[in-house]
Amino acid sequence: MISMTVQKILNGDRRTAARLIRDIDDGIPGTREILKAIHRHTGKAYVIGITGSPGVGKSTLVDQMIHGLRRSGKTVGVLAIDPTSPFSGGAILGDRIRMQRHSLDDGVFIRSLATRGQFGGLTQSTRSAIDVLDAMGKDYIIVETVGVGQDEVDIARSADTTVIVVVPGMGDHIQAIKAGIFEVGDIFVINKSDRPDAEKTLHDLRALFDIARKKLTGEGWEPPILMAEAASNRGIAELLDEIEKHRKSRKTLSHETVIHRKQAVARDELIDMIKCRLFQEALDHITSSPEFKIYLDCVTEGTKDPYSACDELLSAKLCFIGDEVNRKPDLQEYLVAQK
Amino acid sequence: MNNGRKIKVLVSVIGLDGHFTGAQIVSRFLMDAGMEVVYLGIYQTPEMIVRAAIDESVDVIGISSHASNYGQIGLLIDLMKKNDLVDVPLICGGTIPKGEAEALIKRGVSKIFPPQSTSESIIEYIVSCARG
Amino acid sequence: MKRETDYGYEIKPVYTPEDIADLDYTKDVGDPGAYPYVRGYHPNGYRNRVWTRRMTAGIGSSKRTNEVLKRYREMGQTQGILVICDRPNAMPIDADHPMGRREAGVLGWHGASLLEFEELMDGIPLTGQSITLLGSSAMSCMRLAYVVALAEKRGMDFREVHGSVTEYPFCSTCGQTDHMPLDLLIKLWMDSSEFIVRNKIHMRSGILSQHFQESGGNNAQALAMEIAQLKELLGLLVNERGLDFDDLSLLPYELVSVGSRFFEEIAKVRALRRMYAKMAKETFKAKTDKACQLLISVHTSGRTMTYQQPLNNIARCAIQTLAGAIAGCTAIDNACLDNAHAEPSAFAARMSLNTQHIVSDETGVTDVTDPLAGSYFVEYLTSRIEEEAYKILKQIEDQGGMTAAVKKGYIHNMMEESARKRQKEIESGERLVVGVNELAIPPEEDDEIPIESVVASDSEEIAERMENWKRKRNIPLLKEAIARVYDDAKKGRNFNLMPSIIEAVKAYGTAGEITGVIRMANGYHYDPLEMIECPFAL
Ligand SMILES: Nc1nc2c(ncn2[C@@H]2O[C@H](COP(=O)(O)OP(=O)(O)OP(=O)(O)O)[C@@H](O)[C@H]2O)c(=O)[nH]1
Ligand SMILES: [Mg+2]
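Residue numbers (this note's numbering), protein chains in the order written: chain V, 9 to 347; chain R, 8 to 139; chain H, 438 to 975.
Here's what the structure looks like:
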């Protein structure tokens, strides 16, 4: 069953891939096994992250990039991520509208995802979805996220090239991106450059750059700032060129840098995965226990304060918290044996 | 954590019908009811809708129709059958005359909501068929 | 139940002279025929001329629509015709486009070429009645060219034709999407308008609040929208095309949507006349009286027509027609009782026309001008809605005017917000709609009404005919005319394309072809849906 699903995905079967991404997103058990099986078929696709504030034209830009990449014969996968409403848990996924002209192109697979606001869950399911598209054999995978929140920054960080989109006339907005994702940007695009103040924004960005650059170690890549007008397909060819240049520049990095980076990425990924799994399992473990119910009643009735309840619950249910860490001696032996 | 599935709905206007207000209002209240809505907007051909439904792996397709182009809805349902989307219910809303509505139901449309249907009744129906 | 106007003003149980104490009759209201025209433009009101009582036509092939128009004439509709276009026309694409094939003639008349206009008007006079073609802004120049070309063919002066065949460019934000980019729509609208004004043609251009309101906007918003649109568009003609505002006075007409909130609807129209007059005088420094008067037609509201118990809609239609008549207008067309079901059937159309005649001939409403003037409540509501509308207008202007507000999504959000609010009010029972949330009956007991069915094969027939006919045209002549349109379209926003469009229309160039090359010259794809390529080597 698993091998059949894997084979279908490797053959590029969009229905199977679509279903799998859905199951991953919904946290259906069993998807993990498939992900394990397809993982060794991944790593070939080039991942481009597109991020920026709401409405700056990211989706329009992605649409034009698909157009450009298809013209040079490349296949493209897109993951378009929109925020989940914190009130209802629902979402309107509206990025796809801007890319619908490619919907009948067999070389393009577009998928919308909602952030769902889970603890690390977005990064997790997005990475898994990237794996699926990668295994399908897409040459490029473009991931669109709204540039707010840590999750989005993490996703941007895991892309091979991260493009940050801004628009003219939003001074504060540039300040805002400086704080979070400015450092992760490999290429900056000033979209809607048909608007007044485009030049001024360019100037502001450059100034910010001079400050930020000092903090960053020189790695031989100076992030370029491009002007674009996605709605009229202006500046897209240049953007694709810069992405290609960035891709090449990564190839000329020294062996150590490459290893170092790979390690950093692997570390991030692994930690995220552990975090997510840990959080979910631990929480389930605690909240489904009879003790939880008892403590909950105590806190509700006021016979116990929530601080003590938390501490006591954790040390009771998770042996390594609060008490001496109860390391299993055989685990290390086991690992050594594995090597 | 959320172990249960979220309901995912595709909402679109079909053909050259330009009336998008209804579809947007529906999308909005489905979101408020906790669903994930892939909103396709206007000028979608049956082919484009089917492809999006497959790629997005949705549970339900909702079409808002205000331009008498039921022919397009007929084409859509045929195409859904051809593409093995029989387990995805197709629901429609808008100005569809009774006779046309009956014909569409016969052809395979799951449910047609006449104008002035309440958001509650639409949500309820989607929940019942997506879960069931 | 809510006792509020649809824009949220809470209504008091009684109104007294105190409520209108600020109102200065001569200055703020005035007699009929006197500035600021709250009471209308003619001292004699309908005694001069009763409003044009007409119905919308347009379905299937040109020949079929022509038959409907002739039938309406026989029913007694002789003051004017009103034809609505189909969806391909609004793109515009031709019937033989892959998407046009499926929908040509479905929702209206497929008027993509002079040939179709000739068929539409076969045996129907071009003059002596008003000719109104509605349903898309992108077609404005084309339709104006049809009129010029057909008048010439019939050996008459096109200046004698009256009515309206052109339409404002903002309809695309109001649930009636044209697929042309807004800037191009604005340019083409300016071209047609400039042509009309410079040639002194008796043709109006629809600058409407109806689409906005029918898509969900409320009364005060609709009023603000109308003024904002007029200000922006007339301003463009003055500033960019160098036209004199007083010469523009005969250009715009408004189609106002009138619903069932009787007093509010009347107040809205009265306020509109005052707001327009003030704008003309204060903003545009109008010199003549005429230039302070906005021609107003009424469309009874399709949105209020229920699917449930459709015969109830006859009552709604009558109330709305009476409101429109009391408010004072030039023409009324009705949404029919089957509006929520299908295109008007002959039965529904007859009911609508009869309703208008019952109102005009049996109620005595035509005897006296602006009969509700002086009513504490109506005068108060008139001032109140105006005040509300000015607030919204200011917000639109703070966005940078109408075009900017559209581009920023402001207008669209306002409309959607208001539509959602209304839906909620009906669902919660705060607003009652008979047959829907009050006195509802089971669907199987509902009224049976005749339904005008759309025949799917009609579209295919229209498409095939066009395909064959296109090949039989004088191709060299056509190519030359199309090339000229293309070249002219590259000459910038203020180079008027009407002359070259007229030549191309006479050479039987189609809507898809002519607007296609105009799109290309402006950097867009020939086909708005990007499915077909331009057939001309340019
Ligand atoms: N003037 C101008 N408008 C543009 C340009 N690019 C995109 N837009 C418009 O900006 C609006 C938002 O575009 P999207 O592509 O949906 O923006 P987004 O960043 O993906 O938006 P979210 O996904 O909602 O955050 C649309 O109306 C576009 O047509 C441009 O270069 N110039
Ligand atoms: Mg987007």
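The C-beta atom is built at its ideal place from N, Cα and C for all residues, glycine as well.
All figures in this text were calculated on a predicted structure; none of them were measured in a lab.
Original post:
Tell me which same chain residues have a C-beta within less than 7 Å of the C-beta of His-616(H), skipping the five on either side of it?
Top reply: What you label residue 616(H) is simply residue 179 of the third sequence in a count that begins at 1. The answer, listed in chain order, is Met-528, Pro-965.
Original post:
Beta carbon of Ile-664(H), beta carbon of Met-712(H): below 8 Å?
Top reply: Within the third sequence, numbered from 1, the residue matching residue 664(H) stands at position 227. Within the third sequence, numbered from 1, the residue matching residue 712(H) stands at position 275. In this structure, Met-712(H) lies closer than 8 Å to Ile-664(H) by Cβ.
**OP:** Can you grab the Cα-Cα spacing for the pair Leu-388(H) / Gly-228(V), in whole Å?
**Re:** Residue coverage of chain H in this structure runs from 438 to 975, which leaves residue 388(H) outside it and unanswerable.
Subject >> CB-CB length for Ile-251(V) against Ile-74(V), believed under 8 Å >> reply: Along the first sequence, read from residue 1 onward, the residue named residue 251(V) stands at position 243. Along the first sequence, read from residue 1 onward, the residue named residue 74(V) stands at position 66. So it is not a contact: roughly 13 Å between Cβ atoms.
Original post:
Just curious, the beta strand (DSSP E) that Arg-641(H) is in, first and last residue?
Top reply: The sequence position of residue 641(H) within the third sequence is 204, counting from 1. Under the DSSP assignment, Arg-641(H) falls in the beta strand (DSSP E) whose first and last residues are 640 to 643.
Original post:
When every heavy atom of ligand 1 is checked, does at least one fall within less than 7 Å of the C-beta of Ser-67(V)?
Top reply: Working through the first sequence from its first residue, we reach residue 67(V) at position 59. Indeed, a heavy atom of ligand 1 lies less than 7 Å from the Cβ.
Original post:
Would the region 558 to 569 of chain H and the region 532 to 545 of chain H be scored as touching if the rule is three or more Cβ pairs under 8 Å?
Top reply: no
Original post:
Can you tell me the Cα-Cα spacing of Phe-117(V) and Ile-282(V), whole angstroms?
Top reply: Translated into the one-based positions of the first sequence, residue 117(V) becomes position 109. Translated into the one-based positions of the first sequence, residue 282(V) becomes position 274. Using only the alpha carbons, I get a separation of about 29 Å.
Subject >> Neighbour list for Ala-317(V) in chain R, Cβ cutoff strictly below 9 Å >> reply: Position 309 of the first sequence, counted from the start, is the residue given in the question as residue 317(V). In chain order: nothing, as chain R lies at least about 21 Å away.
Original post:
Is Gly-102(V) near ligand 1, going by C-beta to nearest heavy atom under 7 Å?
Top reply: In the first sequence, counting from the first residue as 1, residue 102(V) sits at position 94. Correct: Gly-102(V) has its Cβ closer than 7 Å to ligand 1.
Subject >> Rounded separation between Lys-66(V) and Val-151(V) - CA only >> reply: Walking along the first sequence from the start, residue 66(V) turns up at place 58. Walking along the first sequence from the start, residue 151(V) turns up at place 143. Approximately 10 Å, taken between the alpha carbons.
Original post:
Within 8 Å (strictly less), CB to CB, does His-778(H) reach chain R?
Top reply: Reading the third sequence from its first residue, position 341 is the one you call residue 778(H). It does: the Cβ of His-778(H) has a partner Cβ on chain R nearer than 8 Å.
Original post:
Ala-918(H) lies in the alpha helix (DSSP H); which residues open and close that run?
Top reply: Here residue 918(H) refers to the residue found at position 481 of the third sequence. Ala-918(H) -> alpha helix (DSSP H) spans 912 to 926.
Original post:
Ser-820(H): which of Pro-808(H), Arg-707(H), Pro-454(H) sits nearest, CA to CA?
Top reply: Residue mapping note: residue 820(H) aligns to position 383 of the third sequence, counting from 1. Per the Cα distances, Arg-707(H).
Original post:
Does Leu-544(H) get closer than 8 Å to chain R when you measure Cβ to Cβ?
Top reply: Within the third sequence, residue 544(H) is the residue found at index 107, counting from 1. It does; some Cβ of chain R falls within 8 Å.
**OP:** Taking only heavy atoms of ligand 2 into account, decide whether any of them is closer than 7 Å to the Cβ of Ala-376(V).
**Re:** The question about residue 376(V) has no answer here: the residues shown for chain V are numbered 9 through 347.
Original post:
Quick one: which chain R residues come within Cβ less than 7 Å of Leu-563(H)?
Top reply: On the third sequence, residue 563(H) is found 126 positions in, with the first residue counted as 1. What Leu-563(H) touches in chain R: nothing, since even the nearest Cβ is about 29 Å away.
Original post:
Whole-angstrom Cβ separation of Ser-567(H) and Thr-489(H), contact assumed at under 8 Å?
Top reply: To locate residue 567(H), count along the third sequence from 1; it is residue 130. To locate residue 489(H), count along the third sequence from 1; it is residue 52. About 7 Å separates the Cβ atoms of Ser-567(H) and Thr-489(H), confirming a contact at the 8 Å cut-off.
Original post:
Any idea what DSSP makes of Val-65(R), helix, strand or coil?
Top reply: As a working mapping, residue 65(R) is identified with position 58 in the second sequence. Coil at Val-65(R), not helix or strand.
**OP:** Could you tell me which of Arg-635(H), His-962(H), Val-735(H), His-648(H) sits nearest to Leu-688(H), measuring between CA atoms?
**Re:** Numbered from its first residue, the third sequence carries residue 688(H) at position 251. Measuring from the Cα of Leu-688(H), the nearest candidate turns out to be Arg-635(H).
**OP:** Check whether the Cβ of Asn-199(V) lies closer than 7 Å to any heavy atom of ligand 1, and answer yes or no.
**Re:** As a working mapping, residue 199(V) is identified with position 191 in the first sequence. Correct: Asn-199(V) has its Cβ closer than 7 Å to ligand 1.
Original post:
Does any residue of chain H bring its CB to less than 8 Å from the CB of Asp-85(R)?
Top reply: Translated into positions along the second sequence, residue 85(R) becomes position 78. No, Asp-85(R) does not count as interfacial toward chain H.
Original post:
Met-235(V) by DSSP, collapsed to three states: which one?
Top reply: Here residue 235(V) is taken as the residue at index 227 of the first sequence, counted from 1. Correct three-state label for Met-235(V): strand.
Original post:
Going along chain V, which residues have a C-beta under 7 Å from Asp-62(R)?
Top reply: As a position in the second sequence, residue 62(R) is number 55, starting the count at 1. Within chain V, the residues near Asp-62(R) are Arg-22, Ala-26, Phe-117, Ile-118, Arg-119.
Original post:
With 8 Å set as the bound, which would you pick, yes or no: does the beta-carbon of Asp-147(V) sit closer than that to a beta-carbon of chain R?
Top reply: Here residue 147(V) refers to the residue found at position 139 of the first sequence. It does not: the Cβ of Asp-147(V) has no partner Cβ on chain R nearer than 8 Å.
Subject >> Cys-306(V) (DSSP reduced to helix, strand or coil) >> reply: Counted from its first residue, the first sequence places residue 306(V) at position 298. Here Cys-306(V) sits in helix by DSSP.
**OP:** Report yes if the C-beta of Glu-43(R) is less than 7 Å from at least one heavy atom of ligand 2; otherwise report no.
**Re:** Working through the second sequence from its first residue, we reach residue 43(R) at position 36. Glu-43(R): no, Cβ never under 7 Å from ligand 2.
Subject >> 6 Å Cβ shell around Val-333(V) - same chain, five flanking residues per side excluded >> reply: By 1-based counting over the first sequence, the position of residue 333(V) is 325. With a pLDDT of 42 at Val-333(V), under the threshold of 50, the modelled position of that residue is not reliable, and no figure is offered here.
Original post:
Would Val-45(R) pass as a contact of Lys-89(R) if the rule is Cβ separation under 8 Å?
Top reply: On the second sequence, residue 45(R) is found 38 positions in, with the first residue counted as 1. On the second sequence, residue 89(R) is found 82 positions in, with the first residue counted as 1. Against a cut-off of 8 Å, the Cβ pair of Lys-89(R) and Val-45(R) comes out as no contact.
Original post:
So is the beta-carbon of Glu-152(V) under 7 Å away from any non-hydrogen atom of ligand 2?
Top reply: For the purposes of this step, residue 152(V) is taken as residue 144 along the first sequence, with counting starting at 1. Indeed, a heavy atom of ligand 2 lies less than 7 Å from the Cβ.
**OP:** Would you mind stating whether Lys-943(H) and Leu-625(H) have Cβ atoms separated by less than 8 Å?
**Re:** As a working note, residue 943(H) is residue 506 in the third sequence. As a working note, residue 625(H) is residue 188 in the third sequence. Cβ atoms of Lys-943(H) and Leu-625(H): not closer than 8 Å.
**OP:** Would you list the residues sitting across from Gly-689(H) in a DSSP beta bridge?
**Re:** Translated into positions along the third sequence, residue 689(H) becomes position 252. Looking at the sequence itself, residue 689(H) is Pro, so the reference to Gly does not match. According to DSSP, which records beta bridges pairwise, Pro-689(H) is partnered with Ser-642(H).
Original post:
Going by DSSP, which residues form a beta bridge with Thr-153(V)?
Top reply: For this step, residue 153(V) is matched to residue 145 along the first sequence. In the DSSP output, where bridge partners are listed per residue, Thr-153(V) has Thr-59(V).
**OP:** Leaving aside the five residues before and after His-849(H) along the sequence, list all residues of the same chain whose C-beta is less than 6 Å from its C-beta, in chain order.
**Re:** Stepping through the third sequence from its first residue, residue 849(H) is reached at position 412. Excluding sequence neighbours, His-849(H) sits near Thr-610.
Original post:
If you compare alpha carbons, which of Pro-913(H), Glu-881(H), Ser-629(H) is closest to Arg-678(H)?
Top reply: Working through the third sequence from its first residue, we reach residue 678(H) at position 241. Nearest of Pro-913(H), Glu-881(H), Ser-629(H) to Arg-678(H), Cα basis: Ser-629(H).
Subject >> Under 7 Å (Cβ pairs) to chain R, residues found in the region 80 to 102 of chain V >> reply: Shown in chain order are the members of the region 80 to 102 of chain V whose Cβ falls below 7 Å from a Cβ of chain R: Ser-93, Ser-96, Gly-97, Gly-98, Ala-99, Ile-100, Leu-101, Gly-102.
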